Amino acid sequence: MKKFSMKPKVVFEAGSIKYLSTLKKGKAFVITDPFMIKAGFAAKILELLVSNEIEYTLFSDIKPDPPIETVSLGVEQMIKAAPDMLIALGGGSTIDAAKAILMFTQDLSKKSGVPYKRPKFIAIPTTSGTGSEVTSFSVITVNNQKVPLVHLDMLPDVAIIDADLVKTVPPQITADTAMDVLTHAFEAYVSKKASDYSDAMAEKAVKLVFAYIVRAYKNGNDIEARERLHNASCLAGMAFNNAMLGINHSIAHAMGGVFHIPHGRANAILMPHVIAYNANLESETDTVTAARYAELAKILGLPTRSVREGVLSLICAVKILLAETNTPMTLKDLGISKDDFIQKVDALADAALADKCTDTNPRKPNKEEIVKIIMSLYEG
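Mind the numbering: the sequence shown is residues 179 to 558 in our numbering, read in order.
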């Protein structure tokens with residue numbers, strides 16, 4: 179039996195942070211990062227809270243790939259604050275950290291017998307990529323390794339998708355995060371847990387990314403492109419929160435922890451190779467997964483006179499997007515030492531195989547196949 183979650187409530191369009199002015203009086207614990215403070219975005223949120231007579235405690239120590247030490251500090255401060263609402267403002271790292279802080283605060287309170295009421299959780303993404311605002315997943319860093327967390331209690335209650343908050347995102351981060359969106363949509367679409375419901379979200383996300391990524395990359399003030407990519411990120415998040423992901427993310431998680439590659443960029447480099455592997459074009463007959471990729475190619479208006487042509491068209495279209503957004507296509511392009519890379523391939527493969535995302539990949543890989551994919555990433 180499959181399920182499809184319709185949570186959280188989604189508030190969208192430019193200017194939608196005004197939703198905060200509808201909140202009841204109470205205490206808020208606001209989690210953000212130093213850049214949001216410097217850029218003035220946090221001030222806008224805090225002004226809305228103050229105007230509505232909501233007291234707040236600000237925790238702004240979030241770092242990229244949030245380390246467990248930061249999460250622990252956040253838990254300590256949240257317990258002291260005892261808030262009625264938790265507001266996370268920032269990119270995937272901030273929202274992931276907020277989720278972990280929420281979950282560990284809840285666990286510690288229960289274990290210590292301290293009275294605890296879960297605060298209303300509001301997520302406000304400032305990048306169009308992770309979809310974390312609508313998922314029950316989080317990734318934190320422990321001893322230089324990315325550790326995925328999954329718990330329904332981490333799912334936000336409200337997601338505010340305000341395109342005004344992403345207009346100043348630099349071009350390369352715009353590209354990196356949009357490629358993360360595309361990976362979410364692709365993997366959800368071919369996942370073992372895919373359904374008609376998740377397919378609808380994934381298909382729309384794919385169409386939006388292909389239609390608007392280059393526009394947003396070239397002109398950050400193109401509010402239509404920004405809004406559509408922001409919506410795509412949310413839709414893809416809903417898709418993979420229900421259908422799960424695959425080895426594109428498993429390997430990206432491993433590489434990100436070792437080589438400190440931006441998550442979206444790691445996914446982008448992997449994408450053409452993973453599509454080719456999952457489609458298994460060497461098979462004598464068309465696979466179900468290959469047909470799924472070909473269906474996406476057809477939706478995008480790409481040549482699909484055969485399943486094979488559809489898969490190859492999709493791979494080609496992805497590579498064109500990478501080129502148009504100046505996204506590196508190999509690990510060599512990122513300046514990673516080949517000797518260092520070779521030494522770590524085996525450990526990367528082990529980590530990818532152990533990653534939970536591998537469980538729902540449409541084609542079950544063995545270590546040799548994972549190693550082959552990873553090896554192909556260095557020079558393409």
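Glycine is no exception: its CB is placed at the ideal position from the N, C-alpha and C atoms. Predicted, not measured: the structure shown is a model, and the values here were computed from it.
Paired residues, beta bridge with residue i - DSSP
| i | result |
| --- | --- |
| T319 | P245 and K324 |
| V188 | A337 |
| P303 | G268 |
| Y367 | Looking at the DSSP assignment, Y367 forms no beta bridge with any residue, so it has no partner. |
| V208 | L236 and I265 |
| K298 | M263 |
Straight-line gap, residue i to residue j (C-alpha atoms, nearest Å)
| i | j | result |
| --- | --- | --- |
| K370 | M422 | 8 angstroms |
| L201 | A363 | 32 angstroms |
| G268 | I429 | 25 angstroms |
| A468 | H427 | 19 angstroms |
| E365 | A495 | 16 angstroms |
| Q521 | I447 | 20 angstroms |
| E487 | A457 | 11 angstroms |
| L333 | L555 | 34 angstroms |
| H329 | F315 | 7 angstroms |
| A276 | I351 | 21 angstroms |
| T346 | D274 | 21 angstroms |
| G252 | K222 | 22 angstroms |
| F418 | T538 | 11 angstroms |
| E405 | K289 | 43 angstroms |
| F519 | A444 | 14 angstroms |
| S310 | I246 | 18 angstroms |
| V317 | G307 | 14 angstroms |
| M179 | S373 | 11 angstroms |
| L407 | T235 | 31 angstroms |
| M553 | V523 | 7 angstroms |
| R393 | K497 | 17 angstroms |
| D511 | G558 | 10 angstroms |
| K440 | G270 | Note that residue 440 corresponds to Pro in the displayed sequence, not to Lys. Cα to Cα, P440 sits roughly 11 angstroms from G270. |
| G513 | F213 | 27 angstroms |
| A356 | T503 | 10 angstroms |
Nearest residue (CA-CA) to residue i, options the options
| i | options | result |
| --- | --- | --- |
| A341 | S199, A410 and H438 | A410 |
| N321 | M281, V436 and P349 | V436 |
| I302 | A220, H329, V549 and E546 | A220 |
| E225 | Y197, E502, L251 and D239 | Y197 |
| I477 | K385, I339 and K542 | K385 |
| K291 | T283, K298 and P297 | Sequence inspection shows Gly at residue 291; the Lys mentioned does not correspond to that position. Nearest of T283, K298 and P297 to G291, Cα basis: T283. |
| G204 | A472, M416 and E233 | E233 |
| D335 | R296, L227, P326 and T308 | R296 |
| K185 | T355, G434 and C412 | C412 |
| K216 | S238, S199 and E546 | S238 |
| Q323 | V549, G558, A532 and E547 | A532 |
| L280 | G270, L500, L264 and K545 | L264 |
| G434 | A337, D243, D464 and S250 | D243 |
| K382 | M416, L227, N397 and E546 | M416 |
| V549 | C535, A530, I209 and T536 | A530 |
| T465 | V489, D517 and D354 | V489 |
| H438 | I401, L509 and H451 | L509 |
Rounded Cβ spacing between residue i and residue j (contact assumed at less than 8 angstroms)
| i | j | result |
| --- | --- | --- |
| A380 | Y367 | 4 angstroms |
| L492 | I551 | Not a contact, Cβ separation roughly 17 angstroms. |
| S194 | I339 | 7 angstroms |
| P261 | F207 | 4 angstroms |
| I240 | T248 | 6 angstroms |
| A432 | L327 | Not quite, the Cβ-Cβ distance comes to about 17 angstroms (not below 8 angstroms), so this is no contact. |
| P349 | Y395 | 5 angstroms |
| V312 | A337 | 5 angstroms |
Within-8 angstroms CB hit, residue i to chain C
| i | result |
| --- | --- |
| M449 | No chain C appears in this structure, which consists of one protein chain only. |
Whole beta strand (DSSP E) elements within the stretch 496-527, 3-residue minimum: none
Report the start-end ranges of each beta strand (DSSP E) in the stretch 394-475 that is 3 residues or longer and not cut off at the edges. none
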